[in-house]
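Colleague: Here our numbering = 1-based position in the sequence shown + 31.
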Amino acid sequence: MQLESRRYFFTMVCIERPYILLRRFEKRQAAGIAMSGKTALITGITGQDGSYLAELLLEKGYTVYGLVRRVSQPSLGRNLINHLMSNENFHLLNGDLADQNSIDNAVHQVKPDEFYNLGAMSFVPESWRSPMMTADITGLGALRCLEAVRKHAPDCRFYQAGSSEQYGKVREVPQSEQTPFHPRSPYGCAKVMAFEITRNYRESYNMFACTGILFNHESPRRGLEFVTRKVTMMAARIKHGFDECLHIGNVDAKRDWGFAGDYVEMQWKMLQQDEPDDYVIATGRTHSIRDMISLAFSHIGLDLTWSGEGVDTIATDQNEVVRVRTNPKFFRPAEVDLLIGDPAYAKEKLGWETKTTFEQLIQMMVESDLAIVQEAVDGGYAPPTPPE
Ligand code: NDP
Ligand code: GDR
32 MQLESRRYFF TMVCIERPYI LLRRFEKRQA AGIAMSGKTA LITGITGQDG
82 SYLAELLLEK GYTVYGLVRR VSQPSLGRNL INHLMSNENF HLLNGDLADQ
132 NSIDNAVHQV KPDEFYNLGA MSFVPESWRS PMMTADITGL GALRCLEAVR
182 KHAPDCRFYQ AGSSEQYGKV REVPQSEQTP FHPRSPYGCA KVMAFEITRN
232 YRESYNMFAC TGILFNHESP RRGLEFVTRK VTMMAARIKH GFDECLHIGN
282 VDAKRDWGFA GDYVEMQWKM LQQDEPDDYV IATGRTHSIR DMISLAFSHI
332 GLDLTWSGEG VDTIATDQNE VVRVRTNPKF FRPAEVDLLI GDPAYAKEKL
382 GWETKTTFEQ LIQMMVESDL AIVQEAVDGG YAPPTPPE
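1. Using the Cα positions of Ala211 and Leu381, report the straight-line distance between them to the nearest angstrom.
2. Looking only at its chain, what residues have a beta carbon closer than 6 Å to the beta carbon of Ala346, apart from the 5 residues adjacent to it on each side?
3. Tell me whether Lys91 counts as near the ligand NDP, meaning its Cβ is closer than 8 Å to at least one heavy atom of that ligand.
4. For Glu145, report the span of its beta strand (DSSP E) as first-last.
5. So, with DSSP's three-state summary, where would you put Lys386?
6. Which residue wins for smallest C-alpha separation from Glu419, given the options Phe146, Pro359 and Leu333?
7. Measuring from the CB of Ile279, is there a heavy atom of the ligand FMN at a distance below 8 Å?
8. So, is Asn110 buried or exposed, given that buried needs 16 or more other C-beta atoms within 10 angstroms?
9. Three-state secondary structure (DSSP) at Asn12?
10. Is the CB-CB distance between Glu208 and Asp309 below 9 Å?
11. Is Pro211 near the ligand GDR, going by C-beta to nearest heavy atom under 8 Å?
12. Just to confirm the assignment, what range does the beta strand (DSSP E) spanning Val353 have?
13. If you draw a straight line from the C-alpha of Asn400 to the C-alpha of Ala377, how long is it?
14. Report the rounded CA-to-CA distance for Leu53 versus Ile331, giving the unit in angstroms.
15. Taking only the alpha-carbon atoms, compute the straight-line gap between Ala221 and Thr229 and give it to the nearest angstrom.
16. Taking just the CA atoms, how far does Val258 sit from Gly63?
17. Have a look at the DSSP bridge pairing and note the partners of Trp337.
18. Taking C-beta to C-beta, are Leu370 and Asp287 nearer than 9 Å?
So this is what it looks like as structure tokens:
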């Protein structure tokens with residue numbers, strides 16, 4: 032090495048870099064922010080949970096790396112994390128859950144302390160249309176992440192995003208960590224595979240690998256194709272006169288719905304325990320799709336009365352206008368009729384308490400969608416429409 036470059040190397044590595052880090056540390060301390068000094072790698076960072084988890088970890092002083100798929104229009108699909116792009120501790124890496132090399136490279140480069148695998152093909156109906164892709168991304172994707180961690184960062188703690196869809200045709204009510212699985216969709220089957228391989232890597236390689244079996248959690252950041260957001264956006268559109276009627280599938284299914292912002296904290300907590308384990312995260316309360324629609328529409332001043340059964344179900348408002356119609360195309364080849372989680376173990380071990388009620392959640396989502404539609408009206412452009 033030449034004298035000049037040695038000098039540069041010495042100044043940069045031994046003096047400037049530690050100085051910069053020390054100044055950052057002092058700045059954060061002065062701002063009252065605890066420095067964790069940890070590094071996390073998150074797949075699915077552009078999704079609902081990924082965006083909330085990234086915010087939480089950055090607040091805790093983590094350096095956060097998110098794995099994103101290359102897209103031809105880089106600004107598209109990233110709107111949930113746009114507000115984080117200027118944070119000096121937030122970075123994106125290109126990668127795909129279908130591609131072992133890209134995950135290996137990311138783990139090798141970042142050497143994370145914690146790895147959160149939130150990436151998935153997560154929309155259940157799509158899993159019947161694309162079962163191979165779902166098995167590849169949602170199932171094998173988890174194995175690819177575990178392999179990358181095993182090879183390149185074996186001490187890294189690993190979180191797998193499990194799902195209540197693993198219970199499917201439920202064997203007991205409520206569902207706990209002991210309830211056997213009976214998935215009802217290719218998506219549910221892929222999540223069971225991911226769950227089992229995560230447990231197997233824990234047992235085979237002594238890895239700190241956990242699965243959170245999370246029941247449905249929603250927020251204003253939920254994709255428009257999922258039922259809660261579809262309903263709250265349609266309520267907002269109806270309120271502003273863009274539509275008259277919501278077209279929906281099976282309104283008799285029941286779900287245990289919580290707030291995503293609360294649930295990501297539990298994902299983090301699972302990795303802070305002394306021993307790795309699997310946990311059910313749920314509210315312990317269930318509501319039908321029908322009740323959720325009635326509640327959402329009450330926030331726009333419509334009181335619904337339901338009549339008919341199955342595909343003939345409709346709901347009219349207080350002025351006899353039909354506001355909900357059932358369409359067979361939204362029914363699934365096999366349905367998960369009833370989900371209600373038993374969060375007792377998470378309560379005991381993680382101190383889990385539901386902070387946001389179902390009523391608060393739906394109100395928050397309707398208000399957010401009313402604001403989005405109002406903004407579109409003011410801006411003179413078309414408001415978002417849930418996909419058909
Ligand atoms: P979203 O659908 O909002 O986000 C899915 C994420 O996965 C997106 O960031 C998406 O990226 C990414 N992704 C999809 N395919 C690939 C791929 N091939 N390579 C890399 N990334 C990919 O899901 P949620 O945030 O709601 O859920 C997070 C996780 O939790 C998922 O695994 C989901 O299955 C699971 N889960 C969710 C529950 C819920 O109620 N929300 C309940 C139980 C489990 P892109 O933006 O490029 O599409
Ligand atoms: P789910 O969520 O399948 O539980 O998976 P979704 O909101 O899509 O469906 C919930 C229930 O609503 C019924 N439903 C409809 N669903 C949609 N999407 N659109 C409709 O028009 C409609 N009408 C009725 C469904 O039949 C179903 O019973 C979500 C995802 O986030 C998964 O990734 C996650 O693992 C599970 O939650 C837990």
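From the three backbone atoms N, C-alpha and C, an ideal C-beta is built for every residue, glycine too.
Modeller: On the basis of the data shown:
1. As a working note, residue 211 is residue 180 in the sequence shown. As a working note, residue 381 is residue 350 in the sequence shown. The question names Ala, but residue 211 is Pro in the sequence shown. Taking the straight line from one Cα to the other gives about 23 Å.
2. Residue numbering aside, residue 346 sits at position 315 when the sequence shown is read from its first letter. Cβ within range, chain order: Leu335, Trp337, Arg354 and Val355.
3. The residue labelled residue 91 in the question sits at position 60 within the sequence shown. No.
4. Within the sequence shown, residue 145 is the residue found at index 114, counting from 1. Taken as a continuous stretch (DSSP letters only), the beta strand (DSSP E) holding Glu145 covers Glu145 to Asn148.
5. For this step, residue 386 is matched to residue 355 along the sequence shown. Correct three-state label for Lys386: coil.
6. Here residue 419 corresponds to residue number 388 of the sequence shown, with the count starting at 1. Taking only the C-alpha atoms, the option nearest Glu419 is Pro359.
7. With respect to the ligand FMN, the structure shown offers nothing to examine, as its ligands consist of the ligand NDP and the ligand GDR.
8. What you label residue 110 is simply residue 79 of the sequence shown in a count that begins at 1. Under this definition Asn110 is an exposed residue.
9. Outside the shown range of the chain (32 to 419) lies residue 12, about which nothing can therefore be said.
10. As a working mapping, residue 208 is identified with position 177 in the sequence shown. As a working mapping, residue 309 is identified with position 278 in the sequence shown. Against a cut-off of 9 Å, the Cβ pair of Asp309 and Glu208 comes out as a contact.
11. Locating residue 211 in the sequence shown gives position 180, counting from the first residue. Result no, Cβ not under 8 Å from the ligand GDR.
12. In the sequence shown, counting from the first residue as 1, residue 353 sits at position 322. Start and end: Val353 to Thr357.
13. As a first step, residue 400 is located in the sequence shown; it is residue number 369 there, counting from the start. As a first step, residue 377 is located in the sequence shown; it is residue number 346 there, counting from the start. According to the sequence as given, residue 400 is Asp; it is not Asn. Their Cα atoms are separated by approximately 32 Å.
14. By 1-based counting over the sequence shown, the position of residue 53 is 22. By 1-based counting over the sequence shown, the position of residue 331 is 300. Because Leu53 sits at a pLDDT of 44, beneath the cut-off of 50, its placement in the model cannot be relied upon, and the following sentence gives the value as read from the coordinates. If I take the Cα positions, the gap works out to 52 Å.
15. As a first step, residue 221 is located in the sequence shown; it is residue number 190 there, counting from the start. As a first step, residue 229 is located in the sequence shown; it is residue number 198 there, counting from the start. Distance between the alpha carbons of Ala221 and Thr229 is about 12 Å.
16. Position 32 of the sequence shown, counted from the start, is the residue given in the question as residue 63. Position 227 of the sequence shown, counted from the start, is the residue given in the question as residue 258. Summary for Gly63: the model assigns pLDDT 40, below 50, so the residue's position carries little reliability, and this model does not support an answer.
17. Here residue 337 corresponds to residue number 306 of the sequence shown, with the count starting at 1. Bridge partners of Trp337: Ala346.
18. Counting from one through the sequence shown, the residue named residue 370 turns up at place 339. Counting from one through the sequence shown, the residue named residue 287 turns up at place 256. In contact: Leu370 and Asp287 (Cβ atoms closer than 9 Å).
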